[in-house]
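Down below is the structure, laid out as structure tokens.
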Amino acid sequence: MSADQFLQYLISGLTMGSIYALVGLGFTIIYAVTRIINFAQGEFVMLGGMLSFTLAVSAGLPLAPAIILSVLIAAVIGAIMYLFAIRPARNASVVSLIIITIGVAIFIRGIAGVGWGVDFVRPPYWTGSESIRFFGAYIHPQALWIIGTTLAVKVLLHFFLSYTMVGKALKACAINPRAAGLVGINAKTMALIAFVLAAAIGGIGGAVMAPLTLTSYNVGVMLGLKGFVAASIGGFKSPIAAVIGGFTLGIIESLSVGLDWGPFTSAYKDVIALVVLLLILLLWSGRLAEEERAG
Amino acid sequence: MLAMVKSHWTLLATAALLLFLILIPFDWFLGQYTTLMIFIGISAIVTVGLCLLMGYTGQVSLGQAAFYGLGAYFSAVLSKTYSVNPWLAMLIAAAATGFFAYVIGFPIFRLRGNYLAMATLGLGLIMWILFRQLSQITGGPDGMSGIPYLSIGGFVFDTSFKRYFLVWFFCLATLFMSQNIVRSRSGRALRAIHGSEAAAESIGINATHFKVKIFVLSAVYASLAGSLLAHHLRFVSPQSFDFLASVRFVVMAVIGGLASVWGAIFGAGTTRILSDELLLGFGEWDVVIYGAILVVVMIFMPEGLFVKLKELLDRWRQRYTQRETEP
């Protein structure tokens, strides 16, 4: 592998990694505030992409409002999910909550399949499609959008969590729900905000990636899983950890496809993410077990 | 006196139920449902393993379809490609799948809750991708056909009618075996672990050891069911073993109620009837309704439909007997 090729794989790794990071951010936010792993997280990514296609191409809206509107719709669906599926299930066990979020995922995916059909679609590029030369490699403008959006979301999220009252309340809830309750923070409201935030971030990820990767009604499953891997590499600890986790996974995947050793063709790309997931989980099992006991 | 009447009734009910099961595949009774019943029986075998795992260790497996698929593919490849006797193939499949579960069980069961769920999910997906990608062995996404029937001596299980009895024999056998395990020393140990792992370990129960044991048992059950599926359909394809398949088994176990072994048949039955019969009328909306039902059942009956029905029945019976003893 030449240096140029390496750079090329690095760039595509960073691009995919950004998407994983956005999904991972959603997982981390919901988990931190509610201790729920939201198996429907990938569906919000799917919704962001499919909605932006429908609004921008089928409905003929200008691109910017179409994107903003699809993110808003995804956020509203996140709120509906919390209010009608998560909140009524008070005191539910981990297993029940897992099944509930899977049920929601199946529900959303089912409606998407009926409404949009099974074909892959491609919303328009945000800006041009002419690749930009970057040292010996090329970057697609949309890839720049993807990486840039991820970084922007991360920075905005940081300011939101650190400098606004609601953001600080969310943080407090994540650190110690009981203490947060004692100072008058409503855990249910915070959980609602977490779901809305996670759904919106997923929607943004879906909208920005779809022009480059294409999208269909069932991309949510794999993206959700990759995002979860990103979040677990980050240990579900903090947003920045999830972003680093996403980049790491994207680069590992991209390089392993580039290496092309032995029987491992690109078809096994998804296996690599899964093996990384298992390794991470097992290596950190001791720590994770302690946290679960404490939380 | 009351106890005797009650045991009488239980015996009678069991006999009636058994008679009902035997009569189902006859054409003049419910013959048109024979195939559905075969699938219910096969699903129930997987489900009872999952019931034991989830109900008695409190841990969920979202990758049970991996073991189901391993059983099916081992049976298919050995009996078709290598012309191994189907029964021997079935045995090898169960042993290999059980060994696989044993090897991965120890590291995986250091996890719990959400993390264990994700690890098993990952495992299930890895196996699913392998079933699809190792096309030289498995036939790839198109699957493989022409798997031989099972047979005893000259008696070939070549009709659904015959296979119905074969499948339900295995199904009831696994249920009885599981019932015995629940009532054995191991069963009590598992219940103790479910109650409090720390307390169980303090009285000398090796929690991880028992969890892995039950995990291996559930894998062997799933493998057995997979083998039966392969020899029933004479065809296997990766679609039967995807993530949704794993979720379906979890749903069956939950609807059947995790606390009861017999609930497995109920869970497998209702879920299969729902998805194979009732939802067919809804066309492509079936998945949507399925998802909605999952959420609703989990919100309102987290302990399962079977347990809920049993509760209602008990309450009704109590009122009935009370009225009778009131002179």
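Going line by line, the protein sequences match chains A and B.
Residues 6 to 300 (my numbering) are what the first sequence spells out, left to right.
Residues 27 to 353 (my numbering) are what the second sequence spells out, left to right.
Ideal Cβ positions, reconstructed from N, Cα and C, are used throughout, including at glycine.
{"Item": "In the structure shown, what three-state DSSP assignment does Ser109/B receive?", "Value": "coil"}
{"Item": "Express the C-alpha separation of Val333/B and Tyr59/B in angstroms, rounding to a whole number.", "Value": "26 angstroms"}
{"Item": "Return the residue from the list Ile16/A, Phe32/A and Val109/A that minimises the CA-CA distance to Ala199/A.", "Value": "Phe32/A"}
{"Item": "Quick one: which chain B residues come within Cβ less than 7 angstroms of Ser101/A?", "Value": "Met324 and Pro328"}
{"Item": "Quick one: measure Cβ to Cβ for Val277/B and Leu88/B, integer angstroms, because I've assumed they're closer than 8 angstroms.", "Value": "Actually they are not in contact, since the Cβ atoms of Val277/B and Leu88/B sit about 11 angstroms apart, beyond 8 angstroms."}
{"Item": "Ala212/A and Ser17/A: beta carbons closer than 9 angstroms?", "Value": "no"}
{"Item": "Looking at the strands, I want to know which residues DSSP matches up with Thr220/A.", "Value": "Val126/A"}
{"Item": "What does Asp349/A touch in chain B if you count any residue whose Cβ is under 9 angstroms from its own?", "Value": "Because chain A spans 6 through 300 in this model, residue 349/A falls outside it and cannot be assessed."}
{"Item": "I want to verify the contact list: residues of chain A whose CB lies under 9 angstroms from the CB of Met80/B, in sequence order.", "Value": "Val100"}
{"Item": "Run down chain A in chain order and give the residues with a C-beta less than 7 angstroms from the C-beta of Tyr94/B.", "Value": "Under the 7 angstroms cutoff, chain A gives no residues; its nearest Cβ is about 18 angstroms from Tyr94/B."}
{"Item": "Which residue's Cα is closest to the Cα of Ala218/B: Leu62/B, Tyr82/B and Leu47/B?", "Value": "Tyr82/B"}
{"Item": "Taking the C-alpha atoms as reference points, what is the distance between Ile173/B and Leu142/B?", "Value": "35 angstroms"}
{"Item": "Along the chain, where does the beta strand (DSSP E) containing Phe267/B start, and where does it finish?", "Value": "Run containing Phe267/B: none; DSSP gives neither H nor E here."}
{"Item": "Using CA coordinates, which residue listed in Ala145/B, Leu254/B, Thr123/B and Gly139/B is at the minimum distance from Phe183/B?", "Value": "Leu254/B"}
{"Item": "Taking the alpha-carbon of Ala26/A as reference, which of Tyr222/A, Ala203/A and Leu260/A has the nearest alpha-carbon?", "Value": "Ala203/A"}
{"Item": "Going along the chain, which residues of the segment 64–98 of chain A sit with their C-beta nearer than 7 angstroms to a C-beta in chain B?", "Value": "Ala90, Pro93, Ala94, Ala97 and Ser98"}
{"Item": "Specify, as a first and last residue, the run of the alpha helix (DSSP H) that Arg211/B falls within.", "Value": "Arg211 to Gly221"}
{"Item": "Are there 16 or more other CB atoms within 10 angstroms of the CB of Asn43/A, so buried, or fewer, so exposed?", "Value": "buried"}
{"Item": "Over what stretch of residues does the beta strand (DSSP E) that includes Ala142/A continue unbroken?", "Value": "Ala142 to Ile144"}
{"Item": "Quick one: grab the DSSP three-state call for Ile50/B.", "Value": "coil"}
{"Item": "If you follow the alpha helix (DSSP H) that Arg138/A is part of, which residue opens it and which one closes it?", "Value": "Note, Arg138/A: premise wrong, no alpha helix (DSSP H); beta strand (DSSP E) at Ile137 to Phe139."}
{"Item": "So, for Ile249/A: in the same chain, excluding its five sequence neighbours on each side, which residues have a beta-carbon less than 7 angstroms away from its beta-carbon?", "Value": "Gly239"}
{"Item": "Output yes or no for whether 9 angstroms exceeds the beta carbon distance between Ser69/B and Ala256/B.", "Value": "no"}
{"Item": "Bridge partners for Ile178/B per DSSP, in chain order?", "Value": "Phe181/B"}
{"Item": "In whole angstroms, what separates the C-alpha of Val313/B from that of Leu12/A?", "Value": "43 angstroms"}
{"Item": "Compare the beta carbon distance of Ser237/A and Ile285/A with 9 angstroms and say whether it is the shorter of the two.", "Value": "yes"}
{"Item": "Would you say Trp342/B lies against chain A (beta-carbon separation less than 9 angstroms)?", "Value": "no"}
{"Item": "Measure from the C-beta of Leu175/A to each C-beta in chain B and report whether the shortest distance is under 9 angstroms.", "Value": "no"}
{"Item": "Using the Cα positions of Thr73/B and Val280/B, report the straight-line distance between them to the nearest angstrom.", "Value": "9 angstroms"}
{"Item": "Kindly identify the DSSP beta-bridge partner or partners of Met227/A.", "Value": "Answer is none; Met227/A lacks a bridge partner."}
{"Item": "From Gly45/A to Leu76/B, what distance separates their C-alpha atoms?", "Value": "Here residue 45/A turns out to be Ala, not Gly, going by the sequence shown. Looking at the two C-alpha atoms, the distance is approximately 23 angstroms."}
{"Item": "For Thr132/A, which residues in the same chain have their Cβ closer than 6 angstroms to its Cβ, ignoring the five residues on either side in sequence?", "Value": "Pro146"}
{"Item": "Count the other C-beta atoms from every protein chain shown that fall within 10 angstroms of the C-beta of Phe267/B, then say buried if there are 16 or more, exposed otherwise.", "Value": "buried"}
{"Item": "So what does DSSP say about Phe44/A, is it helix, strand or coil?", "Value": "coil"}
{"Item": "For Leu28/B, would you say it is in contact with chain A, using Cβ-to-Cβ distances shorter than 9 angstroms as the test?", "Value": "Bear in mind that the predicted position of Leu28/B carries a pLDDT of just 48, short of 50, making it unreliable; the figure below should be weighed with that in mind. Leu28/B does not count as touching chain A."}
{"Item": "Val119/A versus chain B: which residues are under 9 angstroms apart at the beta carbon?", "Value": "Gly309, Glu310, Trp311, Val313 and Val314"}
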